[in-house]
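Undergrad:
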Amino acid sequence: MLLNIKNLHVSIQGKEIIKGLNLSVNKGEIHAIMGPNGTGKSTLAAAITGREGYEITKGEIIYKGQVINDWSPEKRANEGVFMSFQYPIEIPGVSMTNFMRTALNAQREYKKLPPISAGEFLKKMESKKKLVEIHSKLTNRSVNEGFSGGEKKKNEIFQMAMLEPELAILDETDSGLDIDALKVVAKGVNQLKSKENAFIVITHYQRLLDYIVPDFVHVMYNGKIVKSGGKGLALELESQGYEWIKEQFDD
Amino acid sequence: MNKIKKTRFPLEEIMLKHIAQNDKKWSEEDLPEMNVLRKQATEYLLEKGFPNTKMEKWRSTDMQPVYEEPLTIYDEAIPYTKKVNEIFQCDVHGFNTKVISLLNGTYYSKENEKLTVSKEGVIIGSLAYAKKEYPAFFKQYYGKIAGEPSDGLKAANTALARDGAFVFIPDNVEVKDALQLIKIMNQPNLAVNIRNLIILGKNAKLTFLHCDDSINHHAGFINTINEVFVGENSSFELYKLQNLNDETALLNQTYIHQERNSNVKAMVISLNGGLIRNEISNDLKGQGAFSNINGLYLMDNQQHIDNQIYVKHSVPDCESNQLFKGVLDQESKAVFNGYIWVAPDAQKTNAFQRNNNILLSDNAFVETQPQLEIYADDVKCSHGATVGQLDDEALFYMRQRGISFSDARMLLMYAFADEVISQISMEGLRLNIEDMVKRRLRGELSICDRCVLHCSNPEQPVIFDIDMSKI
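Protein chains in written order, with this note's numbering: chain D, 743 to 993; chain G, 3 to 473.
Below, the structure is given as structure tokens:
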């Protein structure tokens, strides 16, 4: 099992957002997490990636057999956890190229590999850029600076392709994307999908799941996964909305 | 006698005593015009004394501890016994510079090199020698660009400075290699006053590197006035590098006069120093003049930096830009005062100013004050100041990609500083300064017996720093 979350409770500034969540993800699987706003989907992503300020008060996140509750974000990343941000951050003055090479070399150092050569790095960048149909000039710019919404999301998938994670969390990658960009993102994910990795796709809408077909769909509500099923569940949610979930599970 | 200040600081006492002892000798050495200035400055110093925090322009920089240091004045010429690089090594790579040096405030060279004249007529050398050889320049420019005493330190400089660098670039001469002035202090507890005079004729060009460095860890007081005249269509670049020990007080006043269509770029990079105050006063006197004044300061411990920038738009159609950025750690303090003044008929003025600061600790302190005084109505002027912390969101974003916290922090600080550094037009110098800033940010750059441009430890490779365009 790649990821095993047991009875997870997460608080932000003393307020409990995730209230006893269980989730198991195996290699080779795609899990979709759906649910209305404010149910803790992004909080779950933050807890898995180790963001400061998200306090695990109870339960365990077990990744590749180890409890990672106390690991730094960079250690998790170097062990293969990647998140595509809902709102990618602009970093003026740091070029995409330098950023990516630093990240890649940090990962290689962690794995006790020598730094990637400039030529090899360049070759890798070129091939991955094609994958997400990213323009050459974007990588010469500062990280996300002046990128459109769609470019930012494509850039997240580009970084994912560069870093080749074992567990990728896509946090509302479809929000703010037009259908063409959505297809590009989905194509990228589908090409990166393998028997050796897994994806957690957080989304509001069924739309993305037409292109990234999940093996499992989970519905989150009020800090818990309240319903799990196959891809059919997503269609059900699409046609009926979340009201019936709310009615069924409101305290 | 009621005008005379009653209580005095030790440093004022020492200075006034030194003036009294030498007045006769100096009057014989100097031009009558200079004697007038010296007398006026001495009277000012007697009457008003050194600036204090009750004065608006000195409100945030308390010099009193410096005034009370047991300092001595030494202004005798130092015999040339060792080559400069035996005292202080500065092997600059990647770009050529002609190096001149001031040792404890006096021009340090072989006797026959105190003043050199190139075949194009470029004069470089000691101010003390130049005033005897070329009095006409002194009658025309000395004290004219800086103007009358406006505070006690300026007065002290005019009253006491005996030497410094003198540079004259004739019309139509573009000096290819940068001129580098290294100020070295190797004696403890010295108070020195240095006066530099730089004159560019028409269609001339000069790049001037001004390095403040100390090679000991003793207290010191360096009070410098630079007077720069930039003639019509001329271009002057000034880079000031400040890397001194924590005990040294460094006071710089730079006065730049610009004629029509002249171009000035001034940059102050302050990496270390106990107390640093840079005043740059830039007077745009001819239409079409352009000036760019930038600064970067990286301070920690209890270091104090004070940048006071005054840009005067005296005539129409000029442009000025000020960009100062600082990173402050521990208990360091920065003051920025950016002043733009636009004369009543200086229409079509473009004047911009920005000061951005990052505080790395709760005890670091920034005071930033933009001041605009605009008397013309058809102008574009703006100012902006920010004080903030490193962006937590950006830090997490980088860490999520596997970059360690310390590298992420460093990368962000460097990115912040790069906006200033990237404006250095000489590539060789830019690369050197990039190295220094990285070392400084990593906490590796300290005072050592090497030129600030090349410290004894070779630069370590920085993995994120590659320019892919060059591969």
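Here a beta-carbon is modelled for each residue, glycine too, at the ideal position from N, C-alpha and C. Note that the coordinates shown come from a computational prediction; the quantities given were computed from them, not determined experimentally.
In terms of residue numbering, what span does the alpha helix (DSSP H) encompassing G/A161 cover?
TA: Taken as a continuous stretch (DSSP letters only), the alpha helix (DSSP H) holding G/A161 covers 154–162.
Undergrad: Pull up the distance between the alpha-carbon of D/V927 and that of D/I942, whole angstroms please.
TA: Each residue's alpha carbon lies about 14 Å from the other.
Undergrad: Is the distance from the Cβ of G/N280 to the Cβ of G/N254 below 9 Å?
TA: Against a cut-off of 9 Å, the Cβ pair of G/N254 and G/N280 comes out as a contact.
Undergrad: By the 10 Å Cβ neighbour count, where 16 or more other Cβ atoms means buried, how is G/Y377 classified, buried or exposed?
TA: Exposed, because fewer than 16 other Cβ atoms sit within 10 Å of the Cβ of G/Y377.
Undergrad: With a threshold of 16 other CB atoms inside 10 Å of the CB of D/G701, please say whether the residue is buried or exposed.
TA: Nothing can be reported for residue 701 of chain D, as the shown portion of chain D is limited to 743 through 993.
Undergrad: Looking only at C-alpha atoms, which of D/D913, D/P830, D/V961, D/L934 sits nearest to D/E980?
TA: Among D/D913, D/P830, D/V961, D/L934, the Cα nearest to that of D/E980 is on D/V961.
Undergrad: If you run the structure through DSSP and keep just helix, strand and coil, what is G/A410?
TA: Helix.
Undergrad: For the pair the region 60–75 of chain G and the region 136–143 of chain G, tell me if three or more CB-CB distances fall below 8 Å.
TA: As far as the Cβ criterion goes, the region 60–75 of chain G does not touch the region 136–143 of chain G, which means the pair count is below three.
Undergrad: Just reading off the beta strand (DSSP E) that G/N37 is part of, what are its end residues?
TA: Element bounds for G/N37: not the beta strand (DSSP E) but the alpha helix (DSSP H), 34–50.
Undergrad: Could you tell me the boundaries of the beta strand (DSSP E) in which G/N255 lies?
TA: Reading off the sequence shown, one finds Gln at residue 255 of chain G, where the question assumed Asn. Element bounds for G/Q255: 250–260.
Undergrad: Just list the residues that DSSP pairs G/Y131 with in beta bridges.
TA: Bridge partners of G/Y131: none, in fact.
Undergrad: Of all Cβ atoms in chain G, is any one closer than 9 Å to the Cβ of D/K849?
TA: In the sequence on display, residue 849 of chain D carries Gln and not Lys. Output row for D/Q849: interface = yes.
Undergrad: Using the C-alpha atoms, what's the distance from G/V232 back to G/V422?
TA: Approximately 23 Å between the Cα atoms of the pair.
Undergrad: Taking only beta carbons into account, state which residues of the region 833–847 of chain D come closer than 9 Å to chain G, listed in chain order.
TA: From the region 833–847 of chain D, only I833, P834, G835, V836, S837, T839, N840, F841, M842, R843, T844, A845, L846, N847 have a Cβ closer than 9 Å to chain G.
Undergrad: Which residues mark the beginning and the end of the beta strand (DSSP E) in which G/M301 is found?
TA: Unbroken beta strand (DSSP E) run through G/M301: 292–301.
Undergrad: Closest to D/A903 by C-alpha separation, out of D/A845, D/R883, D/I798, would be which residue?
TA: Answer by Cα proximity: D/A845.
Undergrad: With a threshold of 9 Å between beta-carbons, can D/L750 be considered close to chain G, or not?
TA: No, its Cβ sits nowhere closer than 9 Å to a Cβ of chain G.
Undergrad: What whole-angstrom Cβ distance do G/F292 and G/C320 have, given they're in contact under 8 Å?
TA: The Cβ separation is near 7 Å, so the contact holds.
Undergrad: Anyone know if the C-beta pair for G/L414 and G/L392 falls short of 9 Å?
TA: Closer than 9 Å, so yes.
Undergrad: Would a check of beta-carbon distances place G/D398 closer than 9 Å to chain D?
TA: Asp is not the amino acid found at residue 398 of chain G; the sequence shown has Phe there. Closer than 9 Å to some Cβ of chain D, the Cβ of G/F398 qualifies, so yes.
Undergrad: Where does G/K133 land, buried or exposed, given buried means 16+ other C-beta within 10 angstroms?
TA: Buried, by the Cβ-count rule.
Undergrad: In the DSSP assignment, what residue or residues form a beta bridge with D/F824?
TA: Beta-bridge pairing links D/F824 to D/A910.
Undergrad: Looking only at DSSP bridge pairs, what is G/L105 linked to?
TA: DSSP lists G/T108, G/I186 as partners of G/L105.
Undergrad: Looking only at C-alpha atoms, which of G/F139, G/S103, G/G127 sits nearest to G/N114?
TA: If we check each option's Cα against that of G/N114, G/G127 comes out closest.
Undergrad: Would you mind sorting D/K895 into buried or exposed? The rule is 16 or more other CB atoms within 10 Å of its CB.
TA: Burial call: buried.
Undergrad: Alpha carbon to alpha carbon, what distance is there between G/L181 and G/V94?
TA: Bear in mind that a pLDDT of 44 at G/V94, under 50, signals an unreliable position, so the model cannot answer this.
Undergrad: Does D/L905 have its Cβ less than 9 Å from a Cβ in chain G?
TA: Judged by the 9 Å Cβ criterion, D/L905 is in contact with chain G.
Undergrad: By the 8 Å beta-carbon criterion, what residues does the region 887–911 of chain D contribute toward chain G?
TA: Those would be Q901, L905, in chain order.
Undergrad: Whole-angstrom Cβ separation of D/I911 and D/G930, contact assumed at under 8 Å?
TA: Actually they do not touch by this definition, with Cβ atoms about 15 Å apart.
Undergrad: Excluding the 5 residues flanking G/S384 on each side, which residues of the same chain have their C-beta closer than 6 Å to its C-beta?
TA: F354.
Undergrad: Using a Cβ-Cβ distance under 9 Å, would G/Q332 count as near chain D?
TA: Output row for G/Q332: interface = no.
Undergrad: Go ahead and pull the three-state DSSP assignment for D/V931.
TA: Correct three-state label for D/V931: helix.
Undergrad: Please confirm whether G/D409 has its beta-carbon closer than 9 Å to some beta-carbon of chain D.
TA: Taking Cβ atoms only, chain D reaches closer than 9 Å to G/D409, which makes this a yes.
Undergrad: Locate the alpha helix (DSSP H) running through G/K27, then write down its first and last residues.
TA: Here the alpha helix (DSSP H) through G/K27 covers 12–31.
Undergrad: Figure out for me which residue from G/V329, G/I307, G/L243 has the closest Cα to the Cα of G/R444.
TA: If we check each option's Cα against that of G/R444, G/V329 comes out closest.
Undergrad: Can you tell me where the beta strand (DSSP E) with G/R197 in it begins and where it stops?
TA: Per DSSP, G/R197 belongs to the beta strand (DSSP E) from 192–202.
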